[in-house]
Amino acid sequence: MHTFLSRANAVSAFSLSTLAALTFLCFASTVFNNYTTPVNINAANIVLKNVPEYAVSREKNDLGALRFDLNADLSPLFNWNTKQLFLYLTAEYETPNNKLNQVVLWDHIMRRGDKPKLNLKNQHLKYYFWDDGNGLIGHKNVSLSLSWNIIPIAGNLPSWTGEGTYKLGFPSDYTQGRSY
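For what it's worth, this note's numbering labels the leading residue of the sequence shown as 4, then goes sequentially.
Next comes the structure, spelled out in structure tokens:
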């Protein structure tokens with residue numbers, strides 16, 4: 004009547020269709036969740052230097068440095084469909100050359116099972132805060148915000164921003180010598 008191969012094909016096709024439907028239901032159960040949470044950011048020891056950036060050219064560009072405090076309870080972001088979080092601290096500002104400047108200053112991967120409460124004090128930046136010119140000197144409206152990508156077990160990769168930003172201002176003069 005039916006060969007072994009045709010029966011195996013029918014069973015595997017049915018199993019694959021069932022698994023695809025279950026995966027979609029898993030995705031649909033968490034797709035409409037709100038993944039925002041309050042974040043408290045503070046910054047101190049703000050330093051600005053005008054140094055050559057040899058990776059691109061020998062022109063002098065602004066290099067900012069600071070230390071930051073970060074407090075956030077990320078436990079509401081974890082549910083059964085959350086595998087891990089990719090956290091990143093960004094600085095956003097506007098200059099005459101660019102309408103939007105966005106620089107990633109720090110990042111961290113938080114896996115399921117890690118302590119979901121961030122309590123960072125006097126933390127150094129992980130990446131350089133370069134401006135492609137002299138747009139940071141005397142700039143008083145730089146926003147620091149914490150954002151995250153949720154890496155799910157099944158579904159899309161949403162990006163969210165925390166509730167709470169910190170406005171910082173850079174000094175009007177460049178810092179001379181070694182500091183920070």
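Where a beta carbon is used, it is the ideal one built from N, C-alpha and C, also for glycine.
Cβ separation of residue i and residue j, assumed to be a contact under 8 angstroms, to the nearest whole Å
i: residue 46; j: residue 147; result: 6 angstroms
i: residue 149; j: residue 75; result: 6 angstroms
i: residue 121; j: residue 80; result: Actually they do not touch by this definition, with Cβ atoms about 11 angstroms apart.
i: residue 64; j: residue 151; result: Wrong, their Cβ atoms sit about 29 angstroms apart, outside the cutoff.
i: residue 84; j: residue 155; result: 5 angstroms
i: residue 140; j: residue 51; result: 6 angstroms
i: residue 144; j: residue 170; result: 6 angstroms
DSSP-derived helix/strand/coil call for residue i
i: residue 19; result: helix
i: residue 80; result: helix
i: residue 34; result: coil
i: residue 39; result: coil
i: residue 162; result: strand
i: residue 27; result: helix
i: residue 132; result: strand
Inter-residue Cα distance where the pair is residue i and residue j
i: residue 96; j: residue 172; result: 11 angstroms
i: residue 66; j: residue 48; result: 14 angstroms
i: residue 35; j: residue 55; result: 47 angstroms
i: residue 124; j: residue 22; result: 45 angstroms
i: residue 61; j: residue 137; result: 14 angstroms
i: residue 167; j: residue 94; result: 13 angstroms
Buried or exposed (CB count within 10 angstroms, at least 16 for buried), residue i
i: residue 24; result: exposed
i: residue 14; result: exposed
i: residue 109; result: buried
i: residue 5; result: exposed
i: residue 130; result: exposed
i: residue 71; result: buried
i: residue 159; result: exposed
According to DSSP, residues forming a beta bridge with residue i
i: residue 148; result: 93 and 168
i: residue 13; result: None; residue 13 has no bridge partner.
i: residue 44; result: 73
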